[in-house]
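As numbered in the working numbering, the sequence shown has no gaps in its residue numbers, which increase by one up to the final residue, 277.
Presented below is the structure to which this report refers.
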Amino acid sequence: MRESRLRHQPAGSSHETTHGGAYVTELKLPAVTDYIVVAKRAAASLGLVVGFSLQEIDDLNIAITQACENAIAAAAQQWGSGNGQLKLIFKSQPRRIEVEVRSVPPRAVEQQAVRPARRATELDYETIGLNMIRLFVDELRYQVDNQTGSMRMRMVKYLIE
117 MRESRLRHQP AGSSHETTHG GAYVTELKLP AVTDYIVVAK RAAASLGLVV
167 GFSLQEIDDL NIAITQACEN AIAAAAQQWG SGNGQLKLIF KSQPRRIEVE
217 VRSVPPRAVE QQAVRPARRA TELDYETIGL NMIRLFVDEL RYQVDNQTGS
267 MRMRMVKYLI E
């Protein structure tokens with residue numbers, strides 16, 4: 117098992133441009149459901165920094181849980197159960213938090229792998245999960261790379277006053 121890293125840095129030193137007062141926090145975890153609690157703790161802590169209420173943090177945690185489960189399922193389907201990593205990128209700004217959840221291939225796997233075809237029941241489960249996430253965040257963008265099978269989900273939650 118690889119050691120997970122947590123890095124917190126001003127957004128200006130990341131590859132993306134953000135507006136004043138933003139911070140980027142990256143978290144890499146094994147693509148195993150036992151580690152979802154770590155992602156939820158990070159989200160809750162950053163939600164407090166942004167000023168979210170307990171209800172808003174609960175909503176964010178539900179969305180994070182579902183997003184991580186989708187990423188873990190995508191990783192297991194593409195690279196086998198327990199392989200791959202989850203990469204979470206939190207962009208916190210006053211009054212909002214943006215969370216990107218990605219499934220990342222294990223280092224030993226070549227990027228040329230093609231994602232196998234999925235059954236309709238798997239697509240239904242994925243659609244249900246995405247619809248559930250939409251209930252708890254203000255913005256959602258979902259993408260799967262057809263070449264690598266990597267999943268990427270971007271969620272934004274705004275502070276409600």
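By construction, the Cβ of each residue, glycine as well, lies at the ideal position given by its N, Cα and C atoms.
Close beta carbons around residue i, own chain, < 7 Å, minus the five adjacent residues each side
i: isoleucine 249; result: Ala179, Gln182, Ala183, Leu256, Met271
i: valine 165; result: Ser208
Same chain only: Cβ atoms within 6 Å of residue i, ignoring 5 sequence neighbours per side
i: methionine 269; result: Ala183, Val217, Tyr258
i: alanine 191; result: Ala147, Gly200, Ser219
i: asparagine 186; result: Gly245
i: isoleucine 152; result: Thr181, Cys184
i: valine 215; result: Phe206, Met271
i: phenylalanine 252; result: Asp175, Ile178, Ala179
8 Å contact criterion, which residue i and residue j should meet: CB distance rounded
i: valine 148; j: glycine 196; result: Rounded, the Cβ-Cβ distance is 12 Å, inconsistent with contact.
i: phenylalanine 206; j: leucine 162; result: 5 Å
Residues near residue i in its chain [Cβ-Cβ closer than 8 Å; skip 5 each side]
i: serine 169; result: Ile276
i: serine 130; result: With a pLDDT of only 36 at serine 130, under the threshold of 50, the placement of this residue in the model should not be trusted; the figure read from the coordinates follows. Hits under 8 Å: Val140.
i: valine 260; result: Ala190, Arg231, Ser266, Met267, Arg268
Pair within 7 Å by beta-carbon distance, residue i and residue j
i: alanine 138; j: leucine 204; result: no
i: leucine 143; j: alanine 159; result: no
i: arginine 212; j: tyrosine 274; result: yes
Counterpart residues of residue i in DSSP-defined beta bridges
i: glutamate 214; result: Lys207, Val272
i: glutamine 194; result: DSSP, once it has assigned bridges, lists no residue as partnering glutamine 194.
i: valine 220; result: Gln201
i: tyrosine 258; result: Met269
i: leucine 145; result: Leu202
Where residue i falls, given that 16 or more other Cβ within 10 Å makes a residue buried
i: aspartate 150; result: exposed
i: asparagine 262; result: exposed
i: proline 210; result: exposed
i: methionine 267; result: buried
i: leucine 202; result: buried
i: glutamine 228; result: Since pLDDT at glutamine 228 reaches only 45, below the 50 mark, its modelled position is unreliable, and the value read off the structure follows with that caveat. So glutamine 228 ends up on the exposed side.
i: glutamine 194; result: buried
C-beta neighbour in chain C for residue i, strict 7 Å
i: isoleucine 178; result: Included in the structure is just one protein chain, with no chain C present.
Residue i CB to nearest heavy atom of the ligand NAD below 6 Å
i: arginine 212; result: With respect to the ligand NAD, the structure shown offers nothing to examine, as it has no ligands at all.
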